[in-house]
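This report concerns only the one structure given below.
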Amino acid sequence: MAVIRRLLLTYLSLTLVVLVGLALPFGYVYQRGEQQHALAQLEHDAETLAAFIDTALRLDQQSQIESLVQDAARRWGARIDLVDGAGRPVVGTRTGGSATPPLAAVLASHTPVISEIGGGMMSVAVPIHPGKPSQGALRVRVSSAPLTARIHQFRMVLAGVGVVVLVCGALIALALARWIGRPVRELERATRNLADGSTTPASIATGPPELRRLAATFNTTAARLQELIATQRSFVGHASHQLKTPLTALRLRLENLEPDVADGGGANLRAALLEADRLATLVDTLLAMTRSEYRTMPTEPVAISAAVAVRTAAWEPVAADRGVVLTARGPERVTAQAVPGAMEQILDNLISNALDVAPAGSTVAVTWQAGETTVELHVVDAGPGLTDEHRAQALRPFWRAPGALKGGTGLGLALVNQLAEASGGRARLDAAAPTGIDAVVALPA
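The numbering of the sequence shown is numbering that gives the first Met the number 0, which starts it at 0 and goes up by one.
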């Protein structure tokens with residue numbers, strides 16, 4: 000619907016701009032034409048009356064002049080002023096005083112004819128005889144209300160036509176918007192279904208050819224993606240069984256060899272067992288990371304204090320064996336959103352990494368604090384720490400710090416970062432004071 004609204008708004012805006020661009024000049028031209036036509040007609044009538052008055056003056060028919068003026072004023076609904084060559088009123092509404100400025104200008108022959116519109120009146124001043132200003136001048140004033148009414152009526156008609164055109168344009172624009180928007184909505188639906196794991200293709204039989212070709216390309220790409228995802232899932236499922244079983248059998252066989260190994264071969268056997276454990280851990284971690292890449296799991300609230308208590312209790316013996324104190328501190332009743340099982344894996348990886356680098360007699364502190372929108376989990380060790388560049392690289396898969404202990408896979412922190420992002424949070428490594436690493440995982444509260 001948003002696409003249709005935007006297209007409809009675009010079409011209507013363009014139609015409105017065209018209508019305004021045409022209607023305003025057209026209305027102005029019509030108004031000017033009507034005004035000029037009305038003034039020309041009034042000027043013609045005034046000149047005709049002046050000609051009759053000029054004839055009556057030559058024949059010295061004063062009563063005829065007054066009759067002509069009064070009759071014309073009655074028929075036209077006008078106010079007529081007639082002055083002689085000196086500007087003195089002869090007949091009309093003026094009974095004394097000097098000639099008005101338009102009449103004075105005509106008498107002085109500054110302007111043969113003066114036409115004006117203003118104050119609700121139309122006015123025309125003409126000489127009695129065009130070649131003899133001394134004969135006098137005539138001014139006719141009529142109401143401009145009929146002219147204004149015609150102009151307003153035309154404007155109303157123009158506005159009505161514009162509304163009709165705008166409505167027709169809206170209907171056409173709506174049809175075009177739906178025609179264009181239908182395949183866009185279908186592509187949006189197909190994209191959403193693809194993200195949810197559905198294989199329903201985009202069915203587009205109408206719309207612009209470009210969108211139909213886009214839909215066909217999208218369907219081909221979606222089918223290929225589904226095929227690749229299905230292949231990956233199949234590989235992960237088979238690998239989890241095919242790799243773990245022989246690794247377990249290999250470790251058992253190595254353990255069974257211990258009574259038969261000479262005294263000098265014990266170190267090699269323990270190294271082989273360590274490599275087998277490392278390979279098993281690597282396989283488990285790779286499988287977990289592969290699953291998290293294509294699975295979108297819902298999050299659930301996790302009690303931080305309870306999860307930390309369980310995992311620190313599990314790692315206490317390891318910490319004690321290495322002479323490291325493992326502490327946990329944070330507020331009760333703090334929950335964070337995380338995918339199922341993520342919190343336990345995050346804690347295990349961070350505590351394991353901290354214990355590997357923590358010197359004997361030091362402390363590994365697990366703390367947490369709640370903000371307005373996030374919960375931050377901190378695992379701080381007193382190890383040698385990392386440089387700024389190395390801390391930025393440590394969250395990448397298979398990266399290992401220079402001089403790191405043997406047996407690591409370089410995947411623990413990468414898995415922590417993936418689990419944090421899958422839960423809607425993030426992970427980072429800060430420098431601890433005075434030395435060590437402060438591993439921070441921020442999760443939605």
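C-beta: ideal position from N, C-alpha, C; glycine also.
The structure presented is a predicted model; accordingly, all values stated were derived computationally and were not measured.
Tell whether a beta-carbon distance below 9 Å holds between residue 302 and residue 334.
-> Start at 1 with the first residue of the sequence shown, and residue 302 comes out as number 303. Start at 1 with the first residue of the sequence shown, and residue 334 comes out as number 335. The answer is yes: Cβ separation under 9 Å.
Pick helix, strand or coil for residue 244, following the three-state DSSP scheme.
-> Numbered from 1 along the sequence shown, position 245 holds the residue referred to as residue 244. If DSSP states are grouped into helix, strand and coil, residue 244 belongs with the helices.
Does the count of Cβ pairs from the segment 29 to 42 and the segment 202 to 214 closer than 8 Å reach three?
-> no
Going by DSSP, which residues form a beta bridge with residue 137?
-> In the sequence shown, the residue the question calls residue 137 occupies position 138. Answer is 81 and 125.
Throw me the rounded Cβ distance for the residue 341 and residue 444 pair, which I believe falls under 8 Å.
-> The residue given as residue 341 occupies position 342 in the sequence shown. The residue given as residue 444 occupies position 445 in the sequence shown. Wrong, their Cβ atoms sit about 15 Å apart, outside the cutoff.
Residue 428 to residue 371, Cα distance in whole Å?
-> Locating residue 428 in the sequence shown gives position 429, counting from the first residue. Locating residue 371 in the sequence shown gives position 372, counting from the first residue. When rounded, the distance between both Cα atoms is 22 Å.
Extent of the continuous beta strand (DSSP E) run through residue 429 | For the purposes of this step, residue 429 is taken as residue 430 along the sequence shown, with counting starting at 1. Looking at the DSSP string, the run of the beta strand (DSSP E) that includes residue 429 is 425 to 430.
The beta strand (DSSP E) enclosing residue 114, as first and last residue numbers = Here residue 114 refers to the residue found at position 115 of the sequence shown. Looking at the DSSP string, the run of the beta strand (DSSP E) that includes residue 114 is 113 to 117.
What is the DSSP secondary structure of residue 199, counted as helix, strand or coil?
-> To locate residue 199, count along the sequence shown from 1; it is residue 200. Here residue 199 sits in coil by DSSP.
Secondary structure at residue 142, three-state DSSP: helix, strand or coil?
-> Taking the first residue of the sequence shown as position 1, residue 142 is located at position 143. The answer is strand: DSSP assigns residue 142 an E or B state.
CA nearest to the CA of residue 420, picked from 175, 84, 249 and 297 = In the sequence shown, counting from the first residue as 1, residue 420 sits at position 421. Considering only alpha carbons, the answer is 297.
Use the C-beta contact count for residue 101: other C-beta atoms within 10 angstroms, 16 or more gives buried, fewer gives exposed.
-> Position 102 of the sequence shown, counted from the start, is the residue given in the question as residue 101. Counting Cβ neighbours within 10 Å, residue 101 comes out buried, since at least 16 surround it.
Below 8 Å, can you find three or more Cβ-Cβ pairs linking the segment 212 to 228 to the segment 241 to 258?
-> no
Going by other Cβ atoms of all chains shown within 10 Å of its Cβ, with 16 needed for buried, is residue 320 buried or exposed?
-> The residue given as residue 320 occupies position 321 in the sequence shown. It counts as exposed.
Residue 64 beta carbon less than 9 Å from that of residue 89 | On the sequence shown, residue 89 is found 90 positions in, with the first residue counted as 1. On the sequence shown, residue 64 is found 65 positions in, with the first residue counted as 1. Yes.
Simplified DSSP state of residue 326, which is helix, strand or coil | On the sequence shown, residue 326 is found 327 positions in, with the first residue counted as 1. Of the three classes helix, strand and coil, the one that applies to residue 326 here is strand, per DSSP.
Using the rule of at least 16 other Cβ atoms within 10 Å of the residue's Cβ for burial, across every protein chain shown, is residue 94 buried or exposed?
-> Indexing the sequence shown from 1 puts residue 94 at position 95. For residue 94, the predicted structure reports a pLDDT of 41, less than 50, and the residue's modelled location is therefore unreliable. The matter cannot be settled from this model.
Where residue 143 falls, given that 16 or more other Cβ within 10 Å makes a residue buried = As a position in the sequence shown, residue 143 is number 144, starting the count at 1. Its Cβ being crowded by 16 or more others within 10 Å, residue 143 is buried.
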